[in-house]
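A.B. asks: Got a structure here, written out as structure tokens. Questions coming.
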Amino acid sequence: MKANAYGIGASEAAKVLHGAGTRDFFVAHWSEVAAVAAKVPSSQISVLHGLLSPDEAAYCRAIGVRPVINSLRQAKLWLDAGGGACDLMVDTGINRLGLPLADIGNPLIAALEIDILLSHLASADEVESPQNEQQLERFVSACGAVSARRRSFANSAGIALGSRYQFDLTRPGIALYGGVPNPAMAEHIAQVAYLEAALIQTRELSAGDKVGYNALFTADRSMRVGVVSVGYADGFLRSWTGRGALQHGEARLPLLGRVSMDMVVVDMTQAPRLVEGDWVSVPYNLPEAALASGLSQYELLTVLGQRFSRI
Ligand SMILES: *Cc1c(COP(=O)(O)O)cnc(C)c1O
Numbered sequence: 042m043k044a045n046a047y048g049i050g051a052s053e054a055a056k057v058l059h060g061a062g063t064r065d066f067f068v069a070h071w072s073e074v075a076a077v078a079a080k081v082p083s084s085q086i087s088v089l090h091g092l093l094s095p096d097e098a099a100y101c102r103a104i105g106v107r108p109v110i111n112s113l114r115q116a117k118l119w120l121d122a123g124g125g126a127c128d129l130m131v132d133t134g135i136n137r138l139g140l141p142l143a144d145i146g147n148p149l150i151a152a153l154e155i156d157i158l159l160s161h162l163a164s165a166d167e168v169e170s171p172q173n174e175q176q177l178e179r180f181v182s183a184c185g186a187v188s189a190r191r192r193s194f195a196n197s198a199g200i201a202l203g204s205r206y207q208f209d210l211t212r213p214g215i216a217l218y219g220g221v222p223n224p225a226m227a228e229h230i231a232q233v234a235y236l237e238a239a240l241i242q243t244r245e246l247s248a249g250d251k252v253g254y255n256a257l258f259t260a261d262r263s264m265r266v267g268v269v270s271v272g273y274a275d276g277f278l279r280s281w282t283g284r285g286a287l288q289h290g291e292a293r294l295p296l297l298g299r300v301s302m303d304m305v306v307v308d309m310t311q312a313p314r315l316v317e318g319d320w321v322s323v324p325y326n327l328p329e330a331a332l333a334s335g336l337s338q339y340e341l342l343t344v345l346g347q348r349f350s351r352i
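Per the numbering used here, the sequence shown runs over residues 42 to 352.
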């Protein structure tokens, strides 16, 4: 659920996922708890970044959310605050967050009341990477060394690595929101985010007229163009400049010139009947949009701005 459910809207996503049977919800930051807790019992929420201060430990105990403990320092903070159910992240090779395996025998860890023991894969989207098996081996050995109620290893791409990677619960993120981390999963994943924006002006260009900041586009003929109300402040980044097209039904409306903060200009040749006030779509099939924009499927969702109404 982190990053506002990858830009989708955390409260809406929490409600739908809870209704569909999801029972464990992970956020990254404390600031992300409230939106999820509005729809889900707080005992089903974990905070991946864990604890930085005694205040955070006290807050966590007060609302009944579980911290994910990532270091001996975090374990001590939690125990000093009175402890209780928590999760434990161990590092098996990504060298990002997580307790080093060398610390796993520390008495502070033995004193924790661990619900979920978890670890995170670095290269799950590379099926052939030997790092996957290496991390799996280390995780299995951590499972033997720590007592926990449940174990969790695979993110979206990890699920496709097979049942040995799945343990008691998986932690899909991107795949819930229409991302396809492994082509083998494509037939099971549907697009979730459909973007639309309003056509706010149309105009006629003559040959030689230029469009947008720095005049990156010059018309070579008379043409009708449209100004559409979506720009980089909405997450439609300048990396789309000159590379994509908006769409209306079957009609393709190529982007002309530079993406601005609040608008883009498109070629309306294929949609002669569209008028101001009509809506056009921003094609957001994530694997295809990633190829067109040079952004990752994750970035495409998480950059979406706050001016979209999320319906
Ligand atoms: C973000 C994250 C996930 C989800 O990853 P996806 O690749 O989006 O499925 C799972 N576990 C942890 C610890 C994460 O930080």
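For every residue, glycine included, the Cβ atom is placed at its ideal position computed from N, Cα and C.
Under 7 Å from any heavy atom of ligand 1, does the C-beta of Pro-213 make it?
C.D. replies: If you number the sequence shown from 1, residue 213 lands on position 172. Yes, Cβ of Pro-213 sits closer than 7 Å to a heavy atom of ligand 1.
A.B. asks: Considering only C-alpha positions, which residue in the set Tyr-235, Val-306, Ser-84 is nearest to Tyr-325?
C.D. replies: The residue you call residue 325 lines up with position 284 of the sequence shown. Closest by alpha carbon: Tyr-235.
A.B. asks: Comparing C-alpha positions only, which one of Asn-196, Pro-148, Trp-281, Ala-151 sits nearest to Thr-211?
C.D. replies: As a first step, residue 211 is located in the sequence shown; it is residue number 170 there, counting from the start. With distances taken between Cα atoms, Thr-211 lies closest to Asn-196.
A.B. asks: Can you give, in chain order, each stretch of the beta strand (DSSP E) that sits fully within the segment 163-239 and has at least 3 residues?
C.D. replies: Complete beta strand (DSSP E) runs here, min 3: 191-193.
A.B. asks: Below 8 Å, how does it come out for the segment 145-155 and the segment 109-120: are there three or more Cβ pairs, yes or no?
C.D. replies: They touch, by the three-pair rule.
A.B. asks: Are the CB atoms of Asp-156 and Asp-132 nearer to each other than 8 Å?
C.D. replies: Stepping through the sequence shown from its first residue, residue 156 is reached at position 115. Stepping through the sequence shown from its first residue, residue 132 is reached at position 91. Not closer than 8 Å, so no.
A.B. asks: Any chance the CB of His-161 is under 7 Å from a heavy atom of ligand 1?
C.D. replies: Your numbering for residue 161 matches position 120 in the sequence shown. It does: the Cβ of His-161 is within 7 Å (strictly closer) of some heavy atom of ligand 1.
A.B. asks: How many Å lie between Phe-67 and Cys-101 at the Cα?
C.D. replies: Here the question's residue 67 lines up with position 26 in the sequence shown. Here the question's residue 101 lines up with position 60 in the sequence shown. Distance between the alpha carbons of Phe-67 and Cys-101 is about 14 Å.
A.B. asks: Return the CA-CA distance between Glu-169 and Gly-219, expressed in angstroms with no decimal places.
C.D. replies: Working through the sequence shown from its first residue, we reach residue 169 at position 128. Working through the sequence shown from its first residue, we reach residue 219 at position 178. So the two alpha carbons sit approximately 23 Å from each other.
A.B. asks: What beta strand (DSSP E) runs, 3 residues minimum, are completely inside the segment 89-135?
C.D. replies: Listed in chain order, the complete beta strand (DSSP E) runs (minimum 3 residues) inside the segment 89-135 are 107-110, 126-132.
A.B. asks: So, are the CB atoms of Gly-146 and Ala-186 less than 8 Å apart?
C.D. replies: As a position in the sequence shown, residue 146 is number 105, starting the count at 1. As a position in the sequence shown, residue 186 is number 145, starting the count at 1. Yes, Cβ-Cβ distance for Gly-146 and Ala-186 is below 8 Å.
A.B. asks: Using 8 Å as the cut-off, can you tell me whether the segment 240-254 makes contact with the segment 311-318, which would need three or more C-beta pairs spanning the two stretches below that distance?
C.D. replies: Contact between the segment 240-254 and the segment 311-318 is present, because at least three Cβ pairs lie under 8 Å.
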